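Colleague: Below is one structure. I have some questions about it.
Residue numbers (the numbering used here): 543 to 914.
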């Protein structure tokens, strides 16, 4: 009996050392997603530097304007851990996975799969909870576990702590499957996600949020169809802050009619002078690609881009259109929602980017990159 007990003890000890070693090795495989000093490794997508700061090894988000930052590189299969807390009751935020490089048309958010970060006082409904919903957004797809008839996955337990307490998320993404553990227990799952390789984003959506101990452990790649890979970095950067018009040339007239409304730049359509109807960027147009979204209002009657009237009428008030303007070799090409409407418009490359608008319209998602 003593021999058997000795063998058993030795076995248990060796097993515990083995599993302990495996656990330590797994823990060592994690690397920080935030360095605790600055935003190195992250890209300001449609939010300015003023929205984000790093203090006491925490990432602090002001919540203004609504928008996102993303990782510099894409991830496919991984485990991500992070602690977060809302500093304002009812605050809203989120973590996106498998996201595109820039925001989707007519919204300040990426196409991807969102892991909801809601403070409890936000309230719950049949359509959402404050305890870790997961859902595809703006063109992404996912099949939920514990769904309610749509594509949103609902948590099986309520485990989130209220502001200003810290919460812990463990997000595991593997071959299109995603799971979320809230404060130590898996509560939300989905599968068959598309995209299933892309960027990780942190969302700013109105409330002050703190993040700390954000880390990632990559898992082995699995075969992935090109259609399931998010749009990779095209080199775009934003030139509208959502806070002010510092990147634009302004005058008394246009300041009366062009209004910063968070992620939307709104023109009221009431200006009578050319100066009032025109907004000019500090970005020069030589060998550049400009991308922006526009939503015409009732009474909208046309827009000139860099001095050239758009040949195609945007005929549906209230609908967002995505315009891509490419200037190369003193010629301008324009695409609307991916379709080319003009390809050989002469333009002086010494001009700055400008909009001349007849009638009310909203604008958003201003991006620019070098023309290749």
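The C-beta atom is built at its ideal place from N, Cα and C for all residues, glycine as well.
Nothing here was measured: the structure is a model prediction, and the numbers come from that model.
What is the DSSP secondary structure of residue 565, reduced to helix, strand or coil?
Modeller: Reading the chain shown from its first residue, position 23 is the one you call residue 565. Note that residue 565 scores 44 on pLDDT, short of 50, meaning its location in the model is unreliable; the coordinates nonetheless yield the value given after this. In this structure, residue 565 counts as helix in the three-state DSSP scheme.
Colleague: Can you grab the Cα-Cα spacing for the pair residue 782 / residue 596, in whole Å?
Modeller: Taking the chain shown and counting its residues from 1, one reaches residue 782 at position 240. Taking the chain shown and counting its residues from 1, one reaches residue 596 at position 54. Going by the C-alpha atoms only, they are around 22 Å apart.
Colleague: Look up residue 703 in the DSSP assignment and say whether it is helix, strand or coil.
Modeller: For this step, residue 703 is matched to residue 161 along the chain shown. Here residue 703 sits in coil by DSSP.
Colleague: When the Cα atoms are used, what is the spatial distance from residue 723 to residue 710?
Modeller: Here residue 723 refers to the residue found at position 181 when the chain shown is read from its first residue. Here residue 710 refers to the residue found at position 168 when the chain shown is read from its first residue. Answer to the nearest angstrom: the Cα atoms are 8 Å apart.
Colleague: When the Cα of residue 866 is compared with those of 574, 888, 835, 790, which residue comes out closest?
Modeller: Mapped onto the chain shown, residue 866 falls at position 324. Checking every option, the nearest Cα to that of residue 866 belongs to 835.
Colleague: Just how far apart, CA to CA, sit residue 707 and residue 769?
Modeller: Indexing the chain shown from 1 puts residue 707 at position 165. Indexing the chain shown from 1 puts residue 769 at position 227. Approximately 40 Å between the Cα atoms of the pair.
Colleague: With a CB to CB cut of under 8 Å and the five nearest residues on each side skipped, what residues in its chain are close to residue 676?
Modeller: Stepping through the chain shown from its first residue, residue 676 is reached at position 134. Here the set comprises 655, 656, 657, 658, 684, 686, 694, 695, 720, 722, 730, 731, 732.
Colleague: Does the distance from the CB of residue 778 to the CB of residue 643 come in under 8 Å?
Modeller: Translated into the one-based positions of the chain shown, residue 778 becomes position 236. Translated into the one-based positions of the chain shown, residue 643 becomes position 101. Contact flag set, yes.
Colleague: Give a yes or no on contact between the stretch 627-643 and the stretch 732-752, applying the rule of three or more CB pairs nearer than 8 Å.
Modeller: With the cut-off at 8 Å, the stretch 627-643 and the stretch 732-752 touch.
Colleague: In whole angstroms, what is the alpha-carbon distance linking residue 756 and residue 712?
Modeller: Numbered from 1 along the chain shown, position 214 holds the residue referred to as residue 756. Numbered from 1 along the chain shown, position 170 holds the residue referred to as residue 712. The straight-line gap from Cα to Cα measures roughly 10 Å.
Colleague: Can you round the beta-carbon distance between residue 751 and residue 603 to whole angstroms, since I take them to be within the 8 Å contact cut?
Modeller: Taking the chain shown and counting its residues from 1, the one referred to as residue 751 is at position 209. Taking the chain shown and counting its residues from 1, the one referred to as residue 603 is at position 61. Confirmed, Cβ separation roughly 5 Å.
Colleague: With C-beta atoms as the reference, is residue 605 less than 8 Å away from residue 588?
Modeller: The residue given as residue 605 occupies position 63 in the chain shown. The residue given as residue 588 occupies position 46 in the chain shown. No, Cβ-Cβ distance for residue 605 and residue 588 is not below 8 Å.
Colleague: Which residue marks the beginning of the alpha helix (DSSP H) containing residue 819, and which one marks its end?
Modeller: Residue numbering aside, residue 819 sits at position 277 when the chain shown is read from its first letter. Residues 816-819.
Colleague: Where DSSP assigns a beta bridge to residue 617, which residues make up the other side?
Modeller: For this step, residue 617 is matched to residue 75 along the chain shown. DSSP, once it has assigned bridges, lists 740 as partnering residue 617.
Colleague: Among 583, 618, 907, 584, which residue has its Cα nearest to the Cα of residue 763?
Modeller: Within the chain shown, residue 763 is the residue found at index 221, counting from 1. Of the candidates 583, 618, 907, 584, the one whose C-alpha sits nearest the C-alpha of residue 763 is 618.
Colleague: With a Cβ-Cβ cutoff of 8 Å, do residue 572 and residue 759 count as a contact?
Modeller: Residue 572 sits at position 30 when you count from the first residue of the chain shown. Residue 759 sits at position 217 when you count from the first residue of the chain shown. Their beta carbons are under 8 Å apart, which means residue 572 touches residue 759 by this criterion.
Colleague: Going by the beta-carbon positions, is the gap between residue 906 and residue 806 smaller than 8 Å?
Modeller: Residue 906 sits at position 364 when you count from the first residue of the chain shown. Residue 806 sits at position 264 when you count from the first residue of the chain shown. Contact: yes.
Colleague: Threshold first: 4 residues or longer. Then list the alpha helix (DSSP H) segments lying entirely within the stretch 782-866, N to C.
Modeller: With a minimum length of 4 residues, the continuous alpha helix (DSSP H) runs that stay inside the stretch 782-866 are 794-799, 816-819.
Colleague: Can you give me the Cβ contacts of residue 679 inside the same chain, cut-off strictly under 6 Å, excluding the 5 residues immediately before and after it?
Modeller: Locating residue 679 in the chain shown gives position 137, where the first residue counts as 1. 656.
Colleague: Take residue 838 and list the residues in its own chain whose beta-carbon comes closer than 6 Å to its own, dropping the five residues that flank it on each side.
Modeller: On the chain shown, position 296 is the one that residue 838 refers to. The residues are 856, 859, 903.
Colleague: In the DSSP assignment, the beta strand (DSSP E) including residue 598 goes from what residue to what residue?
Modeller: Taking the chain shown and counting its residues from 1, one reaches residue 598 at position 56. No beta strand (DSSP E) contains residue 598, which DSSP labels as neither H nor E.
Colleague: Could you say which of 885, 703, 829 lies nearest to residue 891 if we only look at CA atoms?
Modeller: Locating residue 891 in the chain shown gives position 349, counting from the first residue. That would be 829, whose Cα lies nearest to the Cα of residue 891.
Colleague: Run the CB neighbour count on residue 888, radius 10 Å, all protein chains shown included, and call it buried at 16 or more, exposed below.
Modeller: Along the chain shown, one-based indexing puts residue 888 at 346. Under this definition residue 888 is an exposed residue.
Colleague: Quick one: using the 10 Å Cβ neighbour count with 16 as the cut-off for buried, is residue 627 buried or exposed?
Modeller: The sequence position of residue 627 within the chain shown is 85, counting from 1. Per the 10 Å Cβ criterion, buried.
Colleague: State yes or no: is the C-beta of residue 651 within less than 8 Å of the C-beta of residue 780?
Modeller: One-based indexing of the chain shown puts residue 651 at position 109. One-based indexing of the chain shown puts residue 780 at position 238. In this structure, residue 780 does not lie closer than 8 Å to residue 651 by Cβ.
Colleague: Do you know offhand how far residue 813's Cα is from residue 820's?
Modeller: In the chain shown, the residue the question calls residue 813 occupies position 271. In the chain shown, the residue the question calls residue 820 occupies position 278. About 9 Å.
Colleague: So, helix, strand or coil for residue 574, using DSSP?
Modeller: As a working mapping, residue 574 is identified with position 32 in the chain shown. It is a strand residue.
Colleague: Locate the beta strand (DSSP E) running through residue 886, then write down its first and last residues.
Modeller: Reading the chain shown from its first residue, position 344 is the one you call residue 886. Segment 881-888, the beta strand (DSSP E) holding residue 886.
Colleague: Which whole-angstrom value is the C-beta distance of residue 868 and residue 816, which I expect to be below 8 Å?
Modeller: By one-based count along the chain shown, residue 868 stands at place 326. By one-based count along the chain shown, residue 816 stands at place 274. Not a contact, Cβ separation roughly 26 Å.
Colleague: Under a Cβ-count criterion, where at least 16 other Cβ atoms within 10 Å of its own Cβ denotes burial, should residue 880 be classed as buried or exposed?
Modeller: Numbered from its first residue, the chain shown carries residue 880 at position 338. Label assigned to residue 880: exposed.
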